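Chemist:
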Amino acid sequence: MESISNKQPLLPPIDDDHEQQEPELSTQDYLIQRWSIHNSFVTTSFVDEGDDIPPINDARKFYDAFVKESKKLCALETLCGQAYGAGQIEMLGVYMQRSWVILLTTAFLLMFLYIFALPFLLLIGQTEDISRSAGKFAIWMIPQLYAYALNFPIAKFLQAQSKIMAMAWISAAALVMHVFFSWLLMLKLGWGMGGGAVVLNASWWFIVLAQLAYIFSGTCGRAWNGFSMRAFQNLRGFVRLSLSSAVMMCLETWYFMALVLFAGYLENAEVAVDALSICTNILGWTIMIAIGFNAAISVRVSNELGASHPRTAKFSVLVVVVSSFLIGLLCSILLLIFQKQYPSLFSDSSAVKEIVYQLTPLLAFCIVVNNVQPALSGVAIGAGWQALVAYVNLACYYIFGIPLGLILGYAINMGVKGIWYGMVAGTLSQTLILFWIVHKTNWNKEASVAAQRIKMWGGEPDGKANDVEK
Numbered sequence: 000m001e002s003i004s005n006k007q008p009l010l011p012p013i014d015d016d017h018e019q020q021e022p023e024l025s026t027q028d029y030l031i032q033r034w035s036i037h038n039s040f041v042t043t044s045f046v047d048e049g050d051d052i053p054p055i056n057d058a059r060k061f062y063d064a065f066v067k068e069s070k071k072l073c074a075l076e077t078l079c080g081q082a083y084g085a086g087q088i089e090m091l092g093v094y095m096q097r098s099w100v101i102l103l104t105t106a107f108l109l110m111f112l113y114i115f116a117l118p119f120l121l122l123i124g125q126t127e128d129i130s131r132s133a134g135k136f137a138i139w140m141i142p143q144l145y146a147y148a149l150n151f152p153i154a155k156f157l158q159a160q161s162k163i164m165a166m167a168w169i170s171a172a173a174l175v176m177h178v179f180f181s182w183l184l185m186l187k188l189g190w191g192m193g194g195g196a197v198v199l200n201a202s203w204w205f206i207v208l209a210q211l212a213y214i215f216s217g218t219c220g221r222a223w224n225g226f227s228m229r230a231f232q233n234l235r236g237f238v239r240l241s242l243s244s245a246v247m248m249c250l251e252t253w254y255f256m257a258l259v260l261f262a263g264y265l266e267n268a269e270v271a272v273d274a275l276s277i278c279t280n281i282l283g284w285t286i287m288i289a290i291g292f293n294a295a296i297s298v299r300v301s302n303e304l305g306a307s308h309p310r311t312a313k314f315s316v317l318v319v320v321v322s323s324f325l326i327g328l329l330c331s332i333l334l335l336i337f338q339k340q341y342p343s344l345f346s347d348s349s350a351v352k353e354i355v356y357q358l359t360p361l362l363a364f365c366i367v368v369n370n371v372q373p374a375l376s377g378v379a380i381g382a383g384w385q386a387l388v389a390y391v392n393l394a395c396y397y398i399f400g401i402p403l404g405l406i407l408g409y410a411i412n413m414g415v416k417g418i419w420y421g422m423v424a425g426t427l428s429q430t431l432i433l434f435w436i437v438h439k440t441n442w443n444k445e446a447s448v449a450a451q452r453i454k455m456w457g458g459e460p461d462g463k464a465n466d467v468e469k
């Protein structure tokens, strides 16, 4: 999180002499307004400035603005979003091509880990059966690795322009075909894991090719002007920024993958891994909603900072955090209501179902925390704080969370539950630190930083509203 102390504020301070008289409010509205005034996200800190968010000085206006901002969070990352918000639309295609160059190179290097997954898993102590199955499946999934490398930049390219319906229709078509061919190849024809690999590879490559066809058809206007040699310019600096994002995201993703890995070393490992796989699958399904919020807020914040609308960016953070919390809470309540029934949908083993039943309260809490955390990570991506958050993730996850989980799970003999307790503690501490970072952020200075970033990567921002340097 950067700050530029020698820059003038983006907007002039509020003149207290010109504050309007507060209207009479009901008791409920009065309490909400008092809370709002003392909260750093809302009320008098939101002052009208051009296209920035209008004044919010009572509960009814807060509610109206909340609903309006929620509708805008349908699909709005650092460079693409800030360039689009600043009017540098033609740079989006260049950024996407630079990302392709970097990610395809990375995919080639990672491919060797896929190829040698079997000896690697045996080296770290996994059982031979698990290692052989995972090693064979990893080799089958190499085509998907390259599809990932192409798809993620495409997704950010389209999200920055709010081209969401096209992405939704393509994904819906891929989902229908994925379900049908999974049934056909895995169950009907009995191909097993091999059939699953074929379907996964085909589904991801369908999404990539369909999205490329949409982009190449001319629907993105100035954002796609064809392939350009500019994609190979300034790659070193682009790699530095990409590495910050990669480290941040990898530390988050590997953290919960480590949960299943550690369970493989427990007594009766197969039952523990089965139970954890059920819980992590449910967590993964609910996190899909949070990932949507992550994409929405990252592009929304970057758009508004690029357009020099710091207060709108600030308010959108409040909207997405509250929304993601409420949805996570609803999912947790439903899970607790059907706590005794849902394990039977995944396993016939009474031992597995009993462990899942015992883990459900912890899973419900984890769902709430993991719905808010991606939203805050999305704010970090949109504002360009990836390097800072990578350090936070390293400390909370790998210095605090994992050691605590291993102590509880192995030293204190709490088993799977102890490992998960420690790792949830790491996630919770990371979430609280991100809350504090967002709370202390000077959004005016972040808009100035965004303007400097746009100049570095693509030229001057367009429009008078974006001139934050003067």
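Numbering (numbering that gives the first Met the number 0), first residue to last: 0 to 469. Glycine residues also receive a C-beta, built at the ideal position from the N, C-alpha and C atoms. Every value quoted in this text rests on a predicted model; they were computed, and no experiment measured them.
(1) Can you tell me where the alpha helix (DSSP H) holding L183 begins and where it ends?
(2) Here's the rule: buried if 16 or more other CB atoms are within 10 angstroms of the residue's CB, otherwise exposed. What is S227?
(3) Whole angstroms is fine: what's the gap from Y420's alpha carbon to F364's?
(4) Over what stretch of residues does the alpha helix (DSSP H) that includes Q372 continue unbroken?
(5) Rounding to the nearest angstrom, what Cα-Cα distance links Q143 and V198 in this structure?
(6) Between which residues of its own chain and L361 is the CB-CB distance below 8 Å, once the five residues before and five after are set aside?
(7) Would you call the stretch 321-335 and the stretch 287-301 in contact, with 3 or more CB pairs under 8 Å?
(8) Would you report the Cα separation of W305 and S447, rounded to the nearest angstrom?
(9) By DSSP, does F226 sit in helix, in strand, or in coil?
(10) When you compare the CB positions of L431 and N369, do they come within less than 8 Å of one another, or not?
(11) Would you tell me roughly how many angstroms separate the C-alpha atoms of I401 and A159, rounded to the nearest one?
(12) Which residues in the same chain as W373 place their Cβ atom closer than 8 Å to its Cβ, once the five residues preceding and following it in sequence are excluded?
(13) Nearest by alpha-carbon distance to A137: which of N150, R235, W284, F111 is it?
(14) Alpha helix (DSSP H) containing K135: first to last residue?
(15) Which residues in the same chain as M140 place their Cβ atom closer than 8 Å to its Cβ, once the five residues preceding and following it in sequence are excluded?
(16) How long is the line joining the alpha carbons of H177 and N441, rounded to whole angstroms?
(17) Which of the three DSSP states is assigned to M413 in this structure?
(18) Span of the alpha helix (DSSP H) holding L328?
(19) Pick from Y397, A410, V93, Y147: whose alpha carbon is nearest that of N234?
(20) Are at least three pairs of beta-carbons, each pair with one atom in the stretch 344-359 and one in the stretch 269-279, less than 8 Å apart?
(21) What does the Cβ neighbour count give for E266, buried or exposed, with the cut at 16 atoms within 10 Å?
(22) Confirm, please, whether the CB-CB distance from I296 to C330 is below 8 Å.
(23) With W204 as the anchor, note down where its alpha helix (DSSP H) starts and where it stops.
(24) Assuming contact is defined by CB atoms lying nearer than 8 Å, are F261 and G414 in contact in what I supplied?
(25) Relative to the alpha-carbon of F255, which residue among Y396, S130, F156 has its alpha-carbon at the smallest distance?
(26) When we look at the beta-carbon of N280 and count the other beta-carbons within 10 Å, is it buried (16 or more) or exposed?
(27) Taking the continuous alpha helix (DSSP H) assigned at A111, which residues delimit it?
(28) Have a look at W204 and I411 and give me their C-alpha separation to the nearest angstrom.
(29) Could you tell me whether the Cβ atoms of V246 and A379 are closer together than 8 Å?
(30) Out of G425, L433, L427, S343, which one is the CA nearest neighbour of W384?
(31) Contact defined as beta carbons within less than 8 Å: I believe R97 pairs with L117. What is the distance between those atoms, to the nearest angstrom?
(32) Taking the C-alpha atoms as reference points, what is the distance between L208 and R310?
(33) Is M248 near the ligand NAP - that is, is its Cβ less than 7 Å away from at least one heavy atom of it?
(34) Measure the CB-CB distance between A386 and E445 and report whether it falls below 8 Å.
(35) Distance, Cα to Cα, E303 vs V319?
(36) Kindly indicate which residue of E127, L188, Y147 has the alpha-carbon position closest to the one of L109.
Modeler: The answer reads as follows:
(1) Counting along the chain, L183 falls outside any alpha helix (DSSP H), and DSSP gives it neither H nor E.
(2) exposed
(3) 11 Å
(4) 349-382
(5) 10 Å
(6) K416, W419, Y420, V423
(7) yes
(8) It is worth fixing the name first, because residue 305 is Gly in this sequence and not Trp. Near 9 Å, if we compare the C-alpha coordinates of S447 and G305.
(9) coil
(10) no
(11) 35 Å
(12) Going by the sequence as given, residue 373 is Pro instead of Trp. Counting only Cβ-Cβ distances below 8 Å, and skipping sequence neighbours, we find I286, A289, I290, F292, N293, S323.
(13) F111
(14) 127-139
(15) Y113, A196, L199, N200
(16) 45 Å
(17) coil
(18) 309-336
(19) In the sequence under discussion, the amino acid at residue 234 is Leu, which differs from the Asn named in the question. Among Y397, A410, V93, Y147, the Cα nearest to that of L234 belongs to V93.
(20) yes
(21) exposed
(22) no
(23) 192-213
(24) no
(25) Y396
(26) exposed
(27) Correcting the residue identity first, residue 111 is Phe in this sequence and not Ala. Looking at the DSSP string, the run of the alpha helix (DSSP H) that includes F111 is 90-114.
(28) 46 Å
(29) no
(30) L433
(31) That pair is no contact at about 34 Å.
(32) 38 Å
(33) In the structure shown, the ligand NAP is absent, as is every other ligand, since no ligand is present at all.
(34) no
(35) 15 Å
(36) Y147
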